[in-house]
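S.K.: Before we start, here is the structure in question, set down as structure tokens.
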DNA sequence: TCAAATCTTGAGCGTTCATTCAACCATATC
DNA sequence: GATATGGTTGAATGAACGCTCAAGATTTGA
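Residue numbers (my numbering), protein chains in the order written: chain A, 1 to 208; chain B, 1 to 208.
Okay, here's the thing in structure tokens:
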């Protein structure tokens with residue numbers, strides 16, 4: 001009945017779980033290492049055996065977010081609908097459903113860190129960028145799959161970036177107001193914009 | 001040659017200047033009171049004579065941002081152009097011009113605080129909300145002034161919130177990538193959307 | 001079975017944190 | 001010139017910070 005993995009794997013994941021949760025709930029600077037240790041049920045030496053510093057732990061948390069992007073964020077959306085345009089709005093709805101029960105109290109874990117540590121931690125910023133790139137990558141893929149349903153002249157990479165903009169900007173306002181209205185408003189305008197694009201492309205197709 | 005105002009006015013503004021700059025550059029939690037004191041050239045007793053706590057100082061900084069919103073942010077835009085639609089994009093361009101020279105290193109001072117302290121400081125969140133409301137208020141006014149150049153069916157409050165969404169979401173990505181591309185892309189999509197709305201309204205006017 | 005390697009323990013390190021306060025100074029009022 | 005008021009001084013506070021390390025426990029490999 002020996003454990004199938006070295007015990008440090010369990011320690012590592014307990015630390016990562018606690019750190020990710022606390023960084024999300026309280027922010028990076030506001031979270032003390034001692035709190036992470038307590039919540040993970042681990043002693044300082046164990047943590048510093050695995051990670052040389054609190055900054056390195058943050059890097060590991062962001063690496064894990066990258067790994068979890070598809071299984072946690074994108075897979076449910078892809079399962080919900082096969083239509084590429086619908087997937088965009090399913091993704092935006094998923095975030096709404098996640099954060100509405102908490103009255104938008106936590107916000108996007110990546111976005112929070114982006115604004116808190118992007119300037120002060122040069123080695124962290126690329127990891128945040130990597131998460132955003134991955135996120136946008138899925139939206140770009142969907143927009144490519146939409147084919148000629150969208151105008152040929154449309155800059156699809158720009159639209160993908162705008163979807164992330166809507167998500168993060170809308171969520172920031174939702175957090176500030178503890179209300180969904182600005183988030184919903186932004187998503188509705190994006191819906192309206194994409195509907196106009198779909199209509200224009202449809203017209204272009206029927207005209208030749 | 002006696003100073004025309006009590007000396008505490010000067011102390012107060014030196015503290016507010018230093019605190020606002022440091023909160024913007026480093027964030028709230030990462031800024032020590034001792035740093036504010038040093039940069040303001042003030043002793044702890046003077047600060048705590050004016051503000052009972054670091055949190056109260058943050059509140060004062062946010063009050064001042066509210067006061068400065070028109071003279072610093074909106075007045076230059078209103079001076080740049082009288083056209084209400086152009087003003088929206090002049091506003092977005094002004095932020096770009098402010099932050100491009102720093103490679104988007106600092107970001108929006110309000111937005112940064114929104115994500116850092118909205119949850120943990122209940123008395124601060126309304127002040128952030130007040131700043132966002134003021135900002136959106138000007139955009140709403142411009143959209144109203146656009147009259148029937150925009151479709152009657154358009155939800156103008158929702159579009160105003162979306163302008164702020166584009167600004168904050170775009171700036172977040174710009175900070176993460178140290179590049180303007182996602183910001184520019186988001187603004188370009190907004191431009192494209194509003195052009196479609198203007199064209200539709202124009203068609204509606206000419207048809208009836 | 002034993003030595004080497006790996007992981008865990010937890011008291012304690014030096015530093016920095018936000019904040020306090022008794023004493024001191026400058027001006028205004030009478 | 002005495003008194004009151006408001007502002008300033010800056011050393012000192014206890015708590016919390018990120019982190020260390022010698023010692024012990026456990027696992028690994030031969």
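All C-beta atoms, glycine included, are put in the ideal place defined by N, C-alpha and C.
(1) Here's the rule I'm using: 16 or more other beta-carbon atoms within 10 Å means buried, otherwise exposed. How should residue 52 (chain A) be labelled?
(2) How about residue 32 (chain B) and residue 14 (chain B): are their beta carbons less than 8 Å apart?
(3) Run through DSSP, which three-state label would residue 53 (chain B) get?
(4) Is there at least one Cβ from chain B nearer than 8 Å to residue 36 (chain A)'s Cβ?
(5) Label residue 70 (chain B) either buried or exposed according to how many other C-beta atoms from any shown protein chain fall within 10 Å of its C-beta, with 16 as the threshold for buried.
(6) My understanding is that residue 158 (chain A) touches residue 94 (chain B), with C-beta atoms under 8 Å, so please give their C-beta distance in whole angstroms.
(7) Return helix, strand or coil for residue 132 (chain B), following the three-state DSSP convention.
(8) Determine whether the beta carbon atoms of residue 115 (chain B) and residue 102 (chain A) lie at a separation below 8 Å.
(9) Determine which residues of the segment 171-205 of chain B have a Cβ less than 7 Å from any Cβ of chain A, and write them out in chain order.
(10) Going by C-alpha to C-alpha distance, which of A:88, A:162 and A:11 sits closest to residue 44 (chain A)?
(11) Is the CB-CB distance between residue 65 (chain A) and residue 131 (chain A) below 8 Å?
(12) Residue 160 (chain B) to residue 81 (chain A), Cα distance in whole Å?
(13) Between the segment 7-32 of chain B and chain A, which residues of the former have a C-beta closer than 9 Å to a C-beta of the latter?
(14) How would you label residue 72 (chain A), buried or exposed, when you count the other beta carbons within 10 angstroms and need 16 or more for buried?
(15) Touching or not, the segment 170-177 of chain B and the segment 120-131 of chain A, by the rule of three or more beta carbon pairs under 8 Å?
(16) Please identify the residue among B:185, B:205, B:78 and B:86 whose C-alpha is closest to the C-alpha of residue 164 (chain A).
(17) Would you report the Cα separation of residue 5 (chain B) and residue 30 (chain A), rounded to the nearest angstrom?
M.R.: With the given structure in hand:
(1) In the first chain, the residue the question calls residue 52 (chain A) occupies position 52. That one is exposed.
(2) On the second chain, position 32 is the one that residue 32 (chain B) refers to. On the second chain, position 14 is the one that residue 14 (chain B) refers to. In this structure, residue 14 (chain B) does not lie closer than 8 Å to residue 32 (chain B) by Cβ.
(3) Against the second chain, residue 53 (chain B) aligns to sequence position 53. Residue state, collapsed to three classes: coil.
(4) Indexing the first chain from 1 puts residue 36 (chain A) at position 36. No, residue 36 (chain A) does not count as interfacial toward chain B.
(5) The residue labelled residue 70 (chain B) in the question sits at position 70 within the second chain. With fewer than 16 other beta carbons inside 10 angstroms of its own, residue 70 (chain B) counts as exposed.
(6) Numbered from its first residue, the first chain carries residue 158 (chain A) at position 158. Numbered from its first residue, the second chain carries residue 94 (chain B) at position 94. Between residue 94 (chain B) and residue 158 (chain A) the Cβ distance is about 21 Å, and since that is not below 8 Å, they are no contact.
(7) Translated into the one-based positions of the second chain, residue 132 (chain B) becomes position 132. Correct three-state label for residue 132 (chain B): helix.
(8) On the second chain, residue 115 (chain B) is found 115 positions in, with the first residue counted as 1. On the first chain, residue 102 (chain A) is found 102 positions in, with the first residue counted as 1. No.
(9) 172, 173, 175, 176, 177, 182, 185, 186, 188, 189, 193 and 196
(10) As a position in the first chain, residue 44 (chain A) is number 44, starting the count at 1. Checking every option, the nearest Cα to that of residue 44 (chain A) belongs to A:11.
(11) Counting from one through the first chain, the residue named residue 65 (chain A) turns up at place 65. Counting from one through the first chain, the residue named residue 131 (chain A) turns up at place 131. Yes, Cβ-Cβ distance for residue 65 (chain A) and residue 131 (chain A) is below 8 Å.
(12) Counted from its first residue, the second chain places residue 160 (chain B) at position 160. Counted from its first residue, the first chain places residue 81 (chain A) at position 81. Each residue's alpha carbon lies about 30 Å from the other.
(13) 25, 26, 27, 28, 29 and 30
(14) Here the question's residue 72 (chain A) lines up with position 72 in the first chain. Counting Cβ neighbours within 10 Å, residue 72 (chain A) comes out exposed, since fewer than 16 surround it.
(15) yes
(16) Taking the first residue of the first chain as position 1, residue 164 (chain A) is located at position 164. Residue 164 (chain A) has its Cα closest to that of B:185, out of B:185, B:205, B:78 and B:86.
(17) Here residue 5 (chain B) corresponds to residue number 5 of the second chain, with the count starting at 1. Here residue 30 (chain A) corresponds to residue number 30 of the first chain, with the count starting at 1. Confidence at residue 5 (chain B) is low in this model, with a pLDDT of 49, below 50, so the placement of that residue should be treated as unreliable; the coordinate-derived value is given next. Straight-line Cα distance between these residues: approximately 39 Å.
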